[in-house]
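Asks: Sharing a structure below in structure tokens format, with a few things to ask.
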Amino acid sequence: MRLDERFLDELKSRLRPSEVIGRIVKLKRQGREWVGLSPFTKEKSPSFFVNDDKQFFHDFSSGKHGDVITFLQETQRLSFMEAVERLAAEAGMALPEPDPQAARREEERKGLEHWLEEAARWFEAQLRRPAGQAARDYLVRRALPEDQWRRFRLGYAPSSRTALRDALVQKGAKPQDLVDAGLLIRPEDGGQPYDRFRDRLIFPITDGRGRLISFGGRALDPEARAKYLNGPETRVFHKGSNLYGLSEARRLLAQGGDDSRLFVVEGYMDVIACQRAGLAAVAPMGTALTEEQMAVLWRVAPTPVLCFDGDNAGRRAAMRSIDRALPLLKPDRTFDFCLLSGGLDPDDILRELGAPGLKKALDQTTPFSALLFEREREEVGILDTPEKEAHLVANLRKAAATIADTELSRTYKEFLVNAFYQHVRPSETERKQANRTLYRDRRARAAADLTRVTPEARSAAATLSQAPRPLVAAVVEGLIAHPEVVREKSELLGVQGVGDDGLDRLIGDLIPLIEDLGDAAESLVRARLASMGHEETLRRIERTAPLAHAGFLDRTLPEREAGRDLIRALELVQQSVSLSRALEELKGDLTGGAALDSQAFSQLKAERDAAARALIAGQLWPDPTVH
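What follows is the structure, given as structure tokens:
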């Protein structure tokens with residue numbers, strides 16, 4: 056709805072800015088003005104002024120300036136119309152009458168909202184009845200207390216095809232009204248409509264003002280075709296422009312707590328976890344973040360944090376968000392990124408480490424510009440030729456050129472090209488240090504040609520020198536994912552290990568952990584290992600294991616086949632360790648004066664070298680990238 060200036064002037068004339076603003080900011084009169092501490096910055100001396108005569112506020116500490124409408128938008132995270140509606144109600148003014156069609160649409164909207172609210176109450180009641188036992192058990196397993204069920208209005212949809220329909224029809228609903236609200240599905244053959252949500256934990260979805268607009272449902276049957284199901288597009292619900300948890304996130308931000316950031320996470324339970332920890336969080340509903348959702352986010356906070364799981368899927372989602380956001384960036388609106396490590400999501404972290412642990416994990420953010428540079432660099436690959444370096448610079452400039460804001464686009468070009476020269480081409484001191492590292496470390500020397508050390512090789516040398524061999528790393532990654540192999544090989548693993556001190560320490564803790572946790576989720580195992588001091592080792596494994604192209608790391612591979620291949624690789628690793636140790640013992644005998652069987656020594660050395668070559672190659676299987 057468009058509002059003319061006369062209405063807005065009348066609205067502001069009926070309100071005293073100092074009274075409206077004074078309910079949020081403690082003001083003291085100072086001459087013809089009012090003064091108080093800034094609501095936008097942390098300050099000790101007042102620099103926030105309100106002038107009733109001129110009907111504006113000015114904040115010297117932040118530079119913000121405007122009228123009472125602007126003030127509510129800034130401090131309460133309201134849209135323009137939301138702020139006007141609130142002030143109009145306070146001033147006793149009715150909003151201008153919309154046209155007849157708009158009035159009819161508003162009436163229809165209210166009808167849909169009524170039945171959505173009735174459905175929410177019914178779902179909530181079902182959660183506490185005998186049929187809701189499985190849903191209650193699920194929430195208990197997720198360590199969500201019952202008082203939080205009420206806070207987030209969680210419910211349960213029974214497995215019956217018509218339970219909700221029958222309950223609401225008894226209250227006077229017409230089946231078509233419930234179809235329009237997204238609660239029922241009408242069969243294509245024209246039969247009777249039936250309940251959309253069945254045997255699911257129910258999450259009510261509200262708009263930014265807290266009005267019910269739809270529901271999301273999490274399947275309790277592990278064989279269900281769709282784990283999560285959202286309501287369809289309706290007159291009140293548009294997936295591409297709504298965000299789960301938005302109204303509560305606004306409330307948390309308006310409270311002005313220690314953390315004023317807005318987090319965008321991937322699922323319902325992640326939003327709930329963050330908000331329980333006092334962090335403002337929202338989530339798109341089963342779709343990639345849209346341009347409309349980004350606009351909503353930027354109205355609430357200038358730099359929302361996009362939080363993704365640190366696995367490959369989460370990283371791909373982050374990169375897709377970069378492409379969609381790039382043209383929309385402006386000096387006062389951008390994104391930070393948080394890629395969680397260890398395969399954990401916010402809900403996992405809250406359960407494992409509590410609110411302080413979750414806040415600490417979400418503090419590890421990367422600016423938009425830095426992640427963009429990293430992505431473009433990864434896409435070009437190893438920079439071992441001038442052509443590839445030129446290709447990277449061209450891609451960086453091309454990415455910056457997609458930003459619509461001319462000034463920001465120019466600044467991005469300068470930043471990204473400078474980043475190229477700073478990070479890709481090291482200083483003379485860094486080159487000398489890298490060369491010393493390469494000389495000391497045999498594994499790095501085997502991977503690099505010392506007669507032509509590329510800039511990329513120099514920058515990676517230190518990392519490579521600390522990395523385990525690919526197949527060894529892949530084996531340990533496989534052991535974490537396949538606890539049954541750990542149980543089968545626990546005695547041998549405990550005695551012999553895999554020949555890497557850091558990995559052997561991790562395995563030493565993994566064996567009793569598997570015994571304690573049984574078949575617990577892999578994410579829980581990783582979280583426990585990280586809490587036991589293996590976080591950096593897990594990161595090393597994550598970086599290096601994919602280089603082995605080990606089939607047993609493929610999550611789609613049948614469990615039995617993956618376990619067999621993992622044992623095969625483990626045997627090779629331990630064979631190599633045993634041969635190396637035996638060779639060292641023979642050398643010790645020689646230095647001790649014992650007679651040495653040269654033929655046996657040569658044979659053992661040949662066997663050791665063959666096993667070592669297999670490990671250095673990092674693969675027992677063909678490289679899928681080579682055709």
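Sequential numbering from 56 applies to the sequence shown in the working numbering.
From the three backbone atoms N, C-alpha and C, an ideal C-beta is built for every residue, glycine too.
As the structure is a computational prediction, the values presented were derived from the model and not from experiment.
(1) Got a sec? Which residues, its chain only, sit under 6 angstroms from P101 by beta carbon, not counting five neighbours each side?
(2) Looking at H537: is its Cβ nearer than 7 angstroms to the Cβ of L621?
(3) How long is the line joining the alpha carbons of G648 and L558, rounded to whole angstroms?
(4) Answer with buried or exposed for V195, where buried requires no fewer than 16 other C-beta atoms within 10 angstroms of its C-beta.
(5) Which ranges would you report for the beta strand (DSSP E) in the region 586 to 624 if only whole runs of at least 3 residues count?
(6) Output yes or no for whether 7 angstroms exceeds the beta carbon distance between A455 and K468.
(7) Have a look at the DSSP bridge pairing and note the partners of W89.
(8) Tell me the residue span of the alpha helix (DSSP H) that contains N450.
(9) Grab the span of the beta strand (DSSP E) containing A335 for me, first residue to last.
(10) If you drop the 5 nearest sequence neighbours on each side, which residues of the same chain put their C-beta closer than 6 angstroms to that of L505?
(11) I'd like the ranges of any alpha helix (DSSP H) spanning at least 4 consecutive residues and lying wholly in the region 360 to 384.
(12) Taking the Cβ atom as the reference point for each residue, do A212 and R253 lie within a distance shorter than 7 angstroms?
(13) Helix, strand or coil for V291, going by three-state DSSP, please let me know.
(14) Near L413, which residues of its chain fall below 8 angstroms by C-beta distance, leaving aside the five closest residues on each side in sequence?
(15) Tell me which same chain residues have a C-beta within less than 7 angstroms of the C-beta of A228, skipping the five on either side of it?
(16) Write down the C-beta distance between T130 and S117 rounded to the nearest angstrom, noting that I regard them as a contact closer than 8 angstroms.
(17) Work out the CA separation of L219 and V234 for me, nearest whole Å.
(18) Can you give the Cα-Cα distance for L627 and L526, rounded to whole angstroms?
(19) Since V319 is in the beta strand (DSSP E), which residue starts that stretch and which ends it?
(20) Whole angstroms are fine: how far does the CA of S586 sit from the CA of L568?
(21) In this structure, how does DSSP classify S269 when only helix, strand and coil are distinguished?
(22) Does T261 pass the burial test, meaning 16 or more other C-beta atoms within 10 Å, or should it be called exposed?
(23) With a 10 Å radius around its C-beta and 16 neighbouring C-beta atoms as the bar for buried, classify N285 as buried or exposed.
(24) Hey, how far is the Cα of P230 from the Cα of L238?
(25) Taking buried to mean at least 16 other C-beta atoms within 10 Å of its own C-beta, is Y299 buried or exposed?
(26) What three-state label does DSSP hand N473 in the structure shown?
(27) Tell me the DSSP bridge mates of N285?
(28) Compute the distance between the beta-carbons of P357 and F390, then report whether it is under 7 angstroms.
(29) Starting from I76, trace the alpha helix (DSSP H) both ways and give me its first and last residue.
(30) How close, in whole Å, do the beta carbons of D107 and S68 come, if the pair is a contact with beta carbons under 8 angstroms?
(31) Leaving out five residues before and five after R132 in sequence, what residues of the same chain have Cβ atoms less than 7 angstroms from its Cβ?
(32) Please classify T440 as buried or exposed, where buried requires at least 16 neighbouring CB atoms within 10 angstroms.
(33) Mind checking which residues open and close the beta strand (DSSP E) that includes P259?
(34) Please classify I437 as buried or exposed, where buried requires at least 16 neighbouring CB atoms within 10 angstroms.
(35) Hey, could you find the ends of the beta strand (DSSP E) D391 is sitting in?
(36) Based on Cα-Cα distance, which residue from E303, R316, M340 lies nearest to K282?
Replies: A quick look at the data gives this:
(1) V90, G91, L92
(2) yes
(3) Bear in mind that a pLDDT of 48 at G648, under 50, signals an unreliable position, so the number given afterwards is only what the model happens to contain. Taking the straight line joining both Cα atoms gives about 35 angstroms.
(4) exposed
(5) none
(6) yes
(7) R84, V105
(8) 441 to 456
(9) 335 to 337
(10) Low confidence applies here, because L505 scores a pLDDT of 34, under 50, leaving its location unreliable; read the following figure in that light. Same-chain partners within the cutoff: there are none.
(11) 367 to 380
(12) yes
(13) coil
(14) A328, C329, A332, L334, P401, I404, L405
(15) W170
(16) T130 to S117, Cβ: 11 angstroms. No contact.
(17) 12 angstroms
(18) 9 angstroms
(19) 317 to 319
(20) 12 angstroms
(21) strand
(22) buried
(23) buried
(24) 9 angstroms
(25) buried
(26) helix
(27) G271
(28) no
(29) 72 to 77
(30) Not quite, the Cβ-Cβ distance comes to about 11 angstroms (not below 8 angstroms), so this is no contact.
(31) R305, L308, A309, V355
(32) exposed
(33) 255 to 261
(34) exposed
(35) 391 to 395
(36) M340
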